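> So the sequence lines, in the order shown, correspond to chains A and B.
Residue numbers for the first sequence, in the numbering used here: -11 to 289.
Residue numbers for the second sequence, in the numbering used here: 136 to 503.
Just so it is clear, CB atoms sit at the ideal spot from N, CA and C, and this is done for glycine as well.
Quick caveat, the model's predicted, so the values are computed rather than measured.
Take this structure first; my questions come after.
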Amino acid sequence: MTAEQQESATPQLTALAGNPEAYNYAFLDEVSKREIRRALLKAVAIPGYQVPFGSREMPIARGWGSGGLQVTLATIGPDDTLKVIDQGTDAGVNAVNIRRLVERTAPGVTTTYNTAEATLIQSRHRFPEEPLRDDQIMVLQVPLPEPLRMVEPRESVTRQLHAEADYTRVWVHLYEDVITNGEISRAAGYPVLVNKRYIMSPSPIPRWDIAKLHQSASLTLLGAGREKRIYAVPPYTDVIPLDFEDYPFRVESFVGKHCARCGATDTYLDEIIIDNGERLYACSDTAHCDERLAAHAGGNA
Amino acid sequence: MGYTAVKGGLDAILAAEALISNSTDRLDPSQVERGAQLLVDQVMGEGGLYAPSLAALAIAQAEGDPIEAAFLLRAYRSTLPRLGYTLPADGRRMRVVRRISSTFKDIPGGQLLGRTRDYTQRLLDLDGRIAAKMQANTPAVPTAIDDEWPSFPSVIDMLREEGLVAPASDELTEPADITRDALRFPAPRSARLQALARGETGFIVAVGYSAQRGMGAAHPTIAELRSGELPIQIQHPLTHDPVTLGRIHLTEVEMINHTAGGVGGATIVGGEETPAVQFDLGYGMALGRNERKAIAMSIIDASMNIAGNSGPAADEEFVLSHCDSLESSGFVEHLKLPHYVTFQSALDRVRFRRLAELSKQDKSHSVG
């Protein structure tokens, strides 16, 4: 190799290798981000279809939001305002940890607890109570993306069932559930039909939140890191929970209960057992609860 | 009212971090690299990165937890750009420091027991005699590795010449890359071998063992186990000549499977006119000297190669979907995360059903 060739080869290699002393913006290298974005575009184009992707190992554990995190990091930019919630709350340890990681690796990103301020919301198992807008993106962490796993453990088979839209076994399973349990007994992660085509797991959000996916103004992206799948619900898409005419879909009931903090009777509630053994209920969406409390305080002043 | 929501997640995790970082009992990574080589080997294999000093650092940082250490390596690895792929590395070119065959008493090149604990007596060194002896011994001068290193012909090649093992496929298709493309089933063999090579040692050994005990058809014999340094080469981007980047220590196992008749019987090839019976073959490879993993991996590969085989080891989707230590431990341990919302949803279902049953009972009482 001539010295000239060597010279022309060296800078290119250095550029490719990046700076070994520093992490790239938003942790992932640009090639990986591009791959995830391609998977996201495909997912948006085929609502509810699970797109396989080369899920990277992240600095947080598999099963702890590594899929949602990859979607967030491949999507986020310095102009974004990020909200991270875990089981409804911004202050939960895992939400704090993910927010801290994004802040550390993606300088410029603003973070917020306020749902209306956020441009990107990463969440584990909850939608915020207030409706999202078309300039907001919702990222859901997904533990088990395959809704047919309840009737078929093998990916090689479920893939074919989806391809042929052969959902017979799901319907039979739900029917048997009604016969055995008196209703469809699936609690969180209730299966839904997206855009009249694919049965999808909405991630383990409560049934309360399913309506928030239906015809939502916002884009919803779902990332399963350990299972290496990405899928999406584009804005204004039909998301219908599976049910029967005589056994309709039913959300969690909080009849007669209210939030012990803000008094809300129209939110998803966490049940709490306090020191004296008494049961209380409080809003799962703590940011929404805080805002209501602040509004009350303002009104009283 | 009057209830105050629990907050302070950030304070709690910072305090938890401080409990770890304030510990004064951290191992010295260089000590780990020299004194815990087998652990370093295991972590490099499960971490999918050949980097002894980084693995040693990871082990020290992880308080000796191999899964956590492999996790640290993998998370670091995924930030490194993929600059290229090496040329195929042929195990026959290995600078062998240990080599055994269980199929033949003597083999060309001979058996080379090398450094092994296989025939040591497992007595705790309570009186410090072994340690004293080790101190008295002058450290062995590292053997110079040069081109004069003896080469050892492959045992499998000799069986192939006799037609007892199917010839190696000379088809050089581009192998899969499971770090870039998600596994899908049925998986190509290259993806299978990659997944097994990164698999958790304990899981791989247990599944291989299950096949040996009779959960499926596998009666394996080690044709050859070789351990040593293998040169790794890339093609020069301009001259296209092979360039040696360095050497990695690894252990390779070629396993013969010899069940006769029925499922798992030796495969009949050559058509009805000239049936020829051949052994099934399994391949195992582990970074460093992780011999038990390489052996177990070759049993699993052989089990999957046997047409019509059953049992856990032959179940490709079961083994490959569950062998990764980051995935299994991550998901098992995620149960420590809050599940308040999902549990509330489940409570709702159970309470609703109990109410329904109670009202049914009430009705039957009033009728009676």
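Three-state secondary structure (DSSP) at residue 40 (chain A)?
Mapped onto the first sequence, residue 40 (chain A) falls at position 52. It is a strand residue.
> Given a cut-off of 8 Å, decide if residue 149 (chain B) and residue 52 (chain A) are closer than it, judged by their beta-carbon atoms.
Within the first sequence, the letter at position 64 stands for residue 52 (chain A). Within the second sequence, the letter at position 14 stands for residue 149 (chain B). No. Outside cutoff.
> If you drop the 5 nearest sequence neighbours on each side, which residues of the same chain put their C-beta closer than 7 Å to that of residue 168 (chain B)?
For the purposes of this step, residue 168 (chain B) is identified with residue 33 of the second sequence, where counting begins at 1. Within the same chain, residue 168 (chain B) has close Cβ partners 175, 187, 188, 191.
> Compare the C-beta of residue 134 (chain A) against all C-beta atoms of chain B and say whether one is closer than 8 Å.
One-based indexing of the first sequence puts residue 134 (chain A) at position 146. No, its Cβ sits nowhere closer than 8 Å to a Cβ of chain B.
> Between residue 222 (chain B) and residue 426 (chain B), what straight-line distance do the alpha-carbon atoms span, to the nearest angstrom?
Here the question's residue 222 (chain B) lines up with position 87 in the second sequence. Here the question's residue 426 (chain B) lines up with position 291 in the second sequence. For residue 222 (chain B) and residue 426 (chain B), the distance between alpha carbons rounds to 24 Å.
> Pull up the DSSP beta-bridge partners for residue 361 (chain B), would you.
What you label residue 361 (chain B) is simply residue 226 of the second sequence in a count that begins at 1. For residue 361 (chain B), which the question treats as bridged, DSSP gives the partners B:234, B:387.
> Check whether chain A comes within 8 Å of residue 462 (chain B), counting only Cβ atoms and requiring the distance to be less than that.
Against the second sequence, residue 462 (chain B) aligns to sequence position 327. Cβ-Cβ to chain A under 8 Å: yes for residue 462 (chain B).
> So with CB distances below 9 Å, who are the chain B contacts of residue 148 (chain A)?
Against the first sequence, residue 148 (chain A) aligns to sequence position 160. Result: empty, since nearest Cβ-Cβ is about 11 Å, beyond 9 Å.
> In or out: residue 495 (chain B) buried (at least 16 other Cβ within 10 Å) or exposed?
What you label residue 495 (chain B) is simply residue 360 of the second sequence in a count that begins at 1. Exposed, because fewer than 16 other Cβ atoms sit within 10 Å of the Cβ of residue 495 (chain B).
> What separation, rounded to the nearest whole angstrom, lies between the Cα atoms of residue 329 (chain B) and residue 106 (chain A)?
Taking the first residue of the second sequence as position 1, residue 329 (chain B) is located at position 194. Taking the first residue of the first sequence as position 1, residue 106 (chain A) is located at position 118. Their Cα atoms are separated by approximately 41 Å.
> Expressed to the nearest angstrom, what Euclidean distance is found between the alpha-carbon atoms of residue 420 (chain B) and residue 342 (chain B)?
Residue 420 (chain B) sits at position 285 when you count from the first residue of the second sequence. Residue 342 (chain B) sits at position 207 when you count from the first residue of the second sequence. Using only the alpha carbons, I get a separation of about 16 Å.
> Could you work out which residues of chain B lie near residue 126 (chain A), taking near to mean beta carbons separated by less than 9 Å?
Here residue 126 (chain A) refers to the residue found at position 138 when the first sequence is read from its first residue. The premise fails here: residue 126 (chain A) is roughly 16 Å from chain B at the closest Cβ pair, so nothing lies under 9 Å.
> Quick check on residue 248 (chain B): does DSSP put it in helix, strand or coil?
The residue given as residue 248 (chain B) occupies position 113 in the second sequence. Here residue 248 (chain B) sits in coil by DSSP.
> With DSSP as the reference, identify every bridge partner of residue 229 (chain A), one or two as the case may be.
Along the first sequence, read from residue 1 onward, the residue named residue 229 (chain A) stands at position 241. In DSSP, residue 229 (chain A) forms a bridge with A:180.
> Is residue 399 (chain B) close to chain A? Criterion is C-beta to C-beta, closer than 8 Å.
In the second sequence, counting from the first residue as 1, residue 399 (chain B) sits at position 264. Note that residue 399 (chain B) has pLDDT 45, beneath the 50 cutoff, so the model's placement of it is unreliable and the number below is only indicative. Chain A, which has no Cβ nearer than 8 Å to the Cβ of residue 399 (chain B), makes this no.
> Can a CB atom of chain A be found closer than 8 Å to the CB of residue 153 (chain B)?
Position 18 of the second sequence, counted from the start, is the residue given in the question as residue 153 (chain B). It does not; no Cβ of chain A falls within 8 Å.
> Using a beta-carbon distance cut-off of less than 8 Å, what residues from the stretch 192 to 212 of chain B approach chain A?
For the stretch 192 to 212 of chain B, which is checked against every Cβ of chain A, the residues closer than 8 Å are 206, 209, 210, 212.
> Between residue 452 (chain B) and chain A, is any beta-carbon pair separated by less than 8 Å?
The residue you call residue 452 (chain B) lines up with position 317 of the second sequence. Yes, residue 452 (chain B) lies at the interface with chain A (some Cβ there is under 8 Å from its Cβ).
> For residue 271 (chain A), list the residues DSSP reports as bridge partners.
Working through the first sequence from its first residue, we reach residue 271 (chain A) at position 283. BP columns for residue 271 (chain A) point to A:257.
> So, do the stretch 321 to 339 of chain B and the stretch 428 to 446 of chain B have three or more beta carbon pairs nearer to each other than 8 Å?
With the cut-off at 8 Å, the stretch 321 to 339 of chain B and the stretch 428 to 446 of chain B touch.
> Any beta carbon of chain A sitting closer than 8 Å to that of residue 342 (chain B)?
Mapped onto the second sequence, residue 342 (chain B) falls at position 207. So, not an interface residue.
> Closest to residue 183 (chain B) by C-alpha separation, out of B:499, B:498, B:254, B:336, would be which residue?
For the purposes of this step, residue 183 (chain B) is taken as the residue at position 48 of the second sequence. Selected option, being the one with the closest Cα: B:336.
> Counting only beta-carbon separations shorter than 8 Å, does residue 264 (chain A) have a partner in chain B?
Along the first sequence, one-based indexing puts residue 264 (chain A) at 276. For residue 264 (chain A), the answer is no, since every Cβ of chain B falls outside 8 Å of its Cβ.
> Beta-carbon of residue 59 (chain A) versus every beta-carbon of chain B: anything under 8 Å?
The residue you call residue 59 (chain A) lines up with position 71 of the first sequence. Cβ-Cβ to chain B under 8 Å: no for residue 59 (chain A).
> So, using beta-carbon positions, are residue 163 (chain B) and residue 193 (chain B) closer together than 8 Å?
Within the second sequence, residue 163 (chain B) is the residue found at index 28, counting from 1. Within the second sequence, residue 193 (chain B) is the residue found at index 58, counting from 1. Result no, Cβ atoms of residue 163 (chain B) and residue 193 (chain B) do not sit closer than 8 Å.
> Closer than 8 Å, CB to CB, is residue 46 (chain A) near chain B or not?
Counting from one through the first sequence, the residue named residue 46 (chain A) turns up at place 58. Answer yes: the Cβ-Cβ gap between residue 46 (chain A) and chain B drops below 8 Å somewhere.
> Could you work out which residue in A:155, A:231, A:204, A:242 is closest to residue 165 (chain A) when comparing CA atoms only?
The count along the first sequence starts at 1 and reaches residue 165 (chain A) at position 177. Considering only alpha carbons, the answer is A:231.
> Please classify residue 315 (chain B) as buried or exposed, where buried requires at least 16 other C-beta atoms within 10 Å of its C-beta.
Counting from 1 along the second sequence, the entry for residue 315 (chain B) is found at position 180. Exposed is the call here.
> Could you tell me which of A:84, A:59, A:21, A:55 sits nearest to residue 215 (chain B), measuring between CA atoms?
Here residue 215 (chain B) is taken as the residue at index 80 of the second sequence, counted from 1. Ranking the options by Cα distance to residue 215 (chain B), first place goes to A:21.
> Using the three-state DSSP reduction, which class does residue 114 (chain A) fall into: helix, strand or coil?
The residue you call residue 114 (chain A) lines up with position 126 of the first sequence. Three-state DSSP puts residue 114 (chain A) in coil, outside helix and strand.
> Quick check on DSSP: helix, strand or coil for residue 209 (chain A)?
Counting from one through the first sequence, the residue named residue 209 (chain A) turns up at place 221. Here residue 209 (chain A) sits in strand by DSSP.
> Grouping DSSP H, G and I as helix and E and B as strand, with all else coil, what is residue 293 (chain A)?
Any property of residue 293 (chain A) remains undetermined from this structure, which presents chain A solely from -11 to 289.
> Below 8 Å, how does it come out for the stretch 86 to 103 of chain A and the stretch 130 to 140 of chain A: are there three or more Cβ pairs, yes or no?
These segments do not touch.
> Measure the CB-CB distance between residue 46 (chain A) and residue 57 (chain A) and report whether it falls below 8 Å.
Numbered from 1 along the first sequence, position 58 holds the residue referred to as residue 46 (chain A). Numbered from 1 along the first sequence, position 69 holds the residue referred to as residue 57 (chain A). For residue 46 (chain A) and residue 57 (chain A), yes; Cβs fall inside 8 Å.
> Please classify residue 483 (chain B): is it buried, with 16 or more other beta-carbons within 10 angstroms of its beta-carbon, or exposed?
Translated into positions along the second sequence, residue 483 (chain B) becomes position 348. The residue is buried, with at least 16 neighbouring Cβ atoms inside 10 Å.
> Can you check which of these residues, B:177, B:224, B:412, B:152, is closest to residue 364 (chain B) by C-alpha distance?
Counting from 1 along the second sequence, the entry for residue 364 (chain B) is found at position 229. Measuring from the Cα of residue 364 (chain B), the nearest candidate turns out to be B:224.
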